[in-house]
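As you go down the protein sequences, you meet chains A and B in turn.
Each residue of the first sequence is one higher than the last, beginning at 1 in our numbering.
Each residue of the second sequence is one higher than the last, beginning at 287 in our numbering.
We put the beta carbon where it would ideally sit given N, CA and C, even for glycine.
Fair warning: this is a prediction, and the values are worked out from it, not measured in the lab.
What follows is a short report on a single structure.
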Amino acid sequence: MQTFAYERPTTLAEAVALLERHGPDARPLAGGTDLVIGLRDRSVSPAVVVDLKRVAELCSDIRAADGCLVIGARTVMTDVIADERVRRHFPALAEAANVVGSIQIRNRATVAGNICNGSPAADTTPPLLVYGAVVVVAGPAGSRRIPIDDFVVGPGVTDLRRGELVTAIELPLPTAHQGSAYTRLTRRRGTDLASVTLCVSVDEAGVTRLAYGSVGPRAFLVTDESGVLADPAASAEAKATVLDGLFAAASPSPRSLRAGPEYRRAMLRVLGARALQTAVERLAKG
Amino acid sequence: MTTMPSSLPIELTVNGRRRSIEVEVNHTLLDVLRDDLGLAGTKECCDVGECGACTVEVDGRAVNSCLMLAVEADGAAVTTVEGLATDGRLSLLQDEFLAKGAVQCGFCIPGQLMAAHALLAGNAHPSVADVHEALAGNLCRCAGYEQITEAVLAAAAAEAER
Chain A
1 MQTFAYERPT TLAEAVALLE RHGPDARPLA GGTDLVIGLR DRSVSPAVVV
51 DLKRVAELCS DIRAADGCLV IGARTVMTDV IADERVRRHF PALAEAANVV
101 GSIQIRNRAT VAGNICNGSP AADTTPPLLV YGAVVVVAGP AGSRRIPIDD
151 FVVGPGVTDL RRGELVTAIE LPLPTAHQGS AYTRLTRRRG TDLASVTLCV
201 SVDEAGVTRL AYGSVGPRAF LVTDESGVLA DPAASAEAKA TVLDGLFAAA
251 SPSPRSLRAG PEYRRAMLRV LGARALQTAV ERLAKG
Chain B
287 MTTMPSSLPI ELTVNGRRRS IEVEVNHTLL DVLRDDLGLA GTKECCDVGE
337 CGACTVEVDG RAVNSCLMLA VEADGAAVTT VEGLATDGRL SLLQDEFLAK
387 GAVQCGFCIP GQLMAAHALL AGNAHPSVAD VHEALAGNLC RCAGYEQITE
437 AVLAAAAAEA ER
């Protein structure tokens with residue numbers, strides 16, 4: 001493997017100082033399931049790898065606070081999947097975390113790393129968009145809170161500035177009854193990157209929030225307030241028309257090896273209808 | 287420009303034995319297990335976390351040792367396939383792999399065993415679906431999946447009878 005310096009700060013201030021000093025020459029390390037691959041194939045060549053796992057302020061658990069569930073920067077997928085509060089209030093996030101890689105990957109990979117890696121196919125991004133997550137970051141100028149929709153910018157690009165790192169992800173607890181679901185399309189059942197990712201939630205007021213990824217430079221969040229999608233009595237045709245409108249932002253790359261653009265667009269409709277059905281059923285069950 | 291050391295001392299427990307070693311910071315846990323500690327049971331194959339041949343347990347959880355820097359294992363308890371047998375006797379799980387004919391070319395088996403071991407530690411009565419999910423990160427190019435699944439289920443049943 002290529003050479004690099006390895007730093008293991010124990011405080012947030014040290015970590016921020018290291019990231020600020022080295023800027024783009026530094027790479028933060030959490031679970032490493034993306035970074036170590038990049039270090040080996042030289043798609044990234046940092047001078048310094050900053051291991052965040054000994055930073056005292058960065059948590060690896062999930063805490064309840066101020067009407068939120070707070071996922072720590074070091075919280076791994078396995079612990080998100082197992083958390084009863086996540087499963088009850090944010091089931092689509094548990095479903096998304098549960099299909100990332102394999103068990104071996106999920107035991108190391110963090111949710112924070114998943115969004116920072118900036119893959120348009122990141123599984124946890126659509127549910128975080130649908131649930132209105134807020135990304136808490138720390139940096140040289142202090143802390144700031146960024147709505148996930150602003151945090152996600154494009155392939156490999158986030159809103160993080162020089163010296164900044166994610167410290168937590170806040171999930172506001174739903175105030176209305178809602179049903180939600182995550183689904184994705186892969187070429188095979190096991191370990192694979194998604195060709196389409198999709199998350200949807202419907203609430204008792206008839207509002208539908210839908211996020212879809214892997215069909216453009218980033219995952220998109222759209223909302224339908226017409227009530228048609230959340231209405232169990234609405235016809236499949238009526239729902240399909242509304243869904244088609246919501247999928248207008250899809251711009252699948254013609255160069256991807258995983259699936260062609262026409263296929264992705266077609267499957268977006270299929271996945272949208274299926275996930276919506278599940279979400280509506282879950283809302284009805286309460 | 288600061289000069290960082292290219293190697294660091296780490297302490298870890300490997301198969302129950304405390305080890306204090308100096309590791310290169312750009313070496314993976316897999317590199318160190320095989321090349322520095324001579325534990326060649328753990329296999330190197332895809333190097334991108336897709337095949338599972340390098341699976342070991344770190345603090346009780348199955349991980350791909352090719353995706354973990356050795357320095358990240360500082361302070362951890364690592365179990366490799368060499369740690370499954372006790373006093374020269376194969377574990378129940380290993381015996382069932384042999385009994386069911388799950389071992390063909392054998393290259394993937396250390397990883398399969400470690401993934402199965404981690405499953406059984408947390409789920410004493412796994413269903414077929416549980417086994418499939420637990421071993422989904424372990425590829426077998428001989429396609430011996432049926433026998434591997436049978437062996438894991440048989441080990442769980444035998445353990446329950448003991």
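Item to check | Close-in-space but distant-in-sequence residues of the same chain around residue 318 of chain B (CB under 6 Å, 5 per side omitted) | outcome: 309, 356
Checklist entry - Can you tell me whether DSSP reads residue 393 of chain B as helix, strand or coil? => result Coil at residue 393 of chain B, not helix or strand.
Item to check | the segment 192 to 209 of chain A / the segment 142 to 154 of chain A touching (three or more Cβ pairs under 8 Å) | outcome: Flag = no, the segment 192 to 209 of chain A and the segment 142 to 154 of chain A do not touch.
Checklist entry - Does the beta carbon of residue 104 of chain A come closer than 8 Å to any beta carbon on chain B? => result yes
Checklist entry - In whole angstroms, what is the alpha-carbon distance linking residue 370 of chain A and residue 333 of chain B? => result Nothing about residue 370 of chain A can be reported from this structure: the residues present for chain A run from 1 to 286 only.
Checklist entry - Taking the alpha carbon of residue 60 of chain A as the point to measure from, which residue in A:45, A:175, A:49, A:79 has its own alpha carbon closest? => result A:79
Item to check | alpha helix (DSSP H) runs contained entirely in the segment 148 to 194 of chain A, provided each spans 4 or more residues | outcome: 148 to 151
Next on the checklist: Beta carbons nearer than 7 Å to chain B: which residues of the segment 80 to 114 of chain A have them?
Outcome noted: 101, 102, 103, 104, 105, 107, 108
Next on the checklist: Applying the 10 Å Cβ sphere with the 16-neighbour rule, what's the burial state of residue 424 of chain B?
Outcome noted: buried
Next on the checklist: Buried or exposed for residue 442 of chain B, going by 16 or more other Cβ atoms inside 10 Å?
Outcome noted: buried
Checklist entry - So what's residue 351 of chain B in DSSP terms, helix, strand or just coil? => result helix
Checklist entry - When you check each C-beta in the segment 1 to 27 of chain A against every C-beta of chain B, which residues fall closer than 8 Å? => result 1, 2, 3, 4, 5, 6, 7, 8
Checklist entry - Is the CB-CB distance between residue 422 of chain B and residue 214 of chain A below 8 Å? => result no
Item to check | Residues that residue 348 of chain B contacts on chain A, provided the C-beta gap is smaller than 8 Å | outcome: 103, 104, 107
Checklist entry - Can you tell which of A:91, A:138, A:136 has its C-alpha closest to the C-alpha of residue 126 of chain A? => result A:91
Checklist entry - For the alpha helix (DSSP H) that residue 131 of chain A lies in, which residues bound it at each end? => result It is not in any alpha helix (DSSP H) - residue 131 of chain A carries neither H nor E in the DSSP assignment.
Item to check | residue 408 of chain B in three-state terms, based on DSSP | outcome: helix
Item to check | Contact belief for residue 31 of chain A with residue 108 of chain A at Cβ below 8 Å, rounded distance in angstroms | outcome: That pair is a contact at about 4 Å.
Checklist entry - Is residue 217 of chain A closer than 8 Å to residue 120 of chain A when the C-beta atoms are compared? => result Yes.
Checklist entry - When you compare only the Cα positions, how much space is there between residue 374 of chain B and residue 368 of chain B? => result 10 Å
Next on the checklist: Using C-beta distances below 8 Å, list every residue in its chain close to residue 25 of chain A, excluding the 5 sequence neighbours before and after it, in chain order.
Outcome noted: 46, 47, 48
Item to check | Which listed residue (B:416, B:445, B:304, B:392) has its alpha carbon closest to that of residue 328 of chain B | outcome: B:392
Item to check | Minimum Cβ-Cβ distance from residue 190 of chain A to chain B less than 8 Å | outcome: Taking a beta-carbon distance threshold of 8 Å, residue 190 of chain A counts as an interface residue toward chain B.
Checklist entry - Which residue comes first and which comes last in the beta strand (DSSP E) that contains residue 356 of chain B? => result Looking at the DSSP string, residue 356 of chain B is not in any beta strand (DSSP E), and its letter there is neither H nor E.
Checklist entry - Is it true that the segment 409 to 422 of chain B meets the segment 432 to 447 of chain B, where meeting means three or more beta-carbon pairs spaced less than 8 Å apart? => result yes
Item to check | Closer than 7 Å at the beta carbon, the chain A residues around residue 477 of chain B | outcome: There is simply no residue 477 of chain B to check, as chain B begins at 287 and stops at 448 in what is shown.
Checklist entry - Out of A:138, A:225, A:256, which has the shortest C-alpha to C-alpha gap to residue 167 of chain A? => result A:138
Checklist entry - Do we get a CB-CB distance below 8 Å when we pair residue 285 of chain A with the residues of chain B? => result no
Item to check | Three-state secondary structure assigned by DSSP to residue 303 of chain B | outcome: strand
Checklist entry - Using a C-beta to C-beta distance shorter than 7 Å, which residues of chain A count as neighbours of residue 312 of chain B? => result In chain order, 1, 2, 3, 4 make up the part of chain A whose C-beta sits under 7 Å from the C-beta of residue 312 of chain B.
Checklist entry - What first and last residue would you give for the beta strand (DSSP E) that runs through residue 70 of chain A? => result Per DSSP, the continuous beta strand (DSSP E) segment holding residue 70 of chain A begins and ends at 68 to 72.
Checklist entry - Can you name the start and end residues of the beta strand (DSSP E) that residue 203 of chain A belongs to? => result 196 to 203
Checklist entry - By Cβ distance below 8 Å, which residues in the same chain neighbour residue 287 of chain B in space, the five residues on each side in sequence not counted? => result At residue 287 of chain B the pLDDT is 44, less than 50, meaning the model places this residue with poor confidence and gives no usable figure here.
Checklist entry - Start and end of the alpha helix (DSSP H) containing residue 36 of chain A? => result 35 to 41
Next on the checklist: Can you list, in chain order, the residues of its chain with a C-beta nearer than 6 Å to that of residue 261 of chain A? Leave out the 5 residues immediately preceding and following it.
Outcome noted: 252, 254
Next on the checklist: When you compare the segment 264 to 283 of chain A with the segment 188 to 197 of chain A, are there three or more beta-carbon pairs, one atom per stretch, that lie closer than 8 Å?
Outcome noted: Cβ pair count under 8 Å is three or more, so yes.
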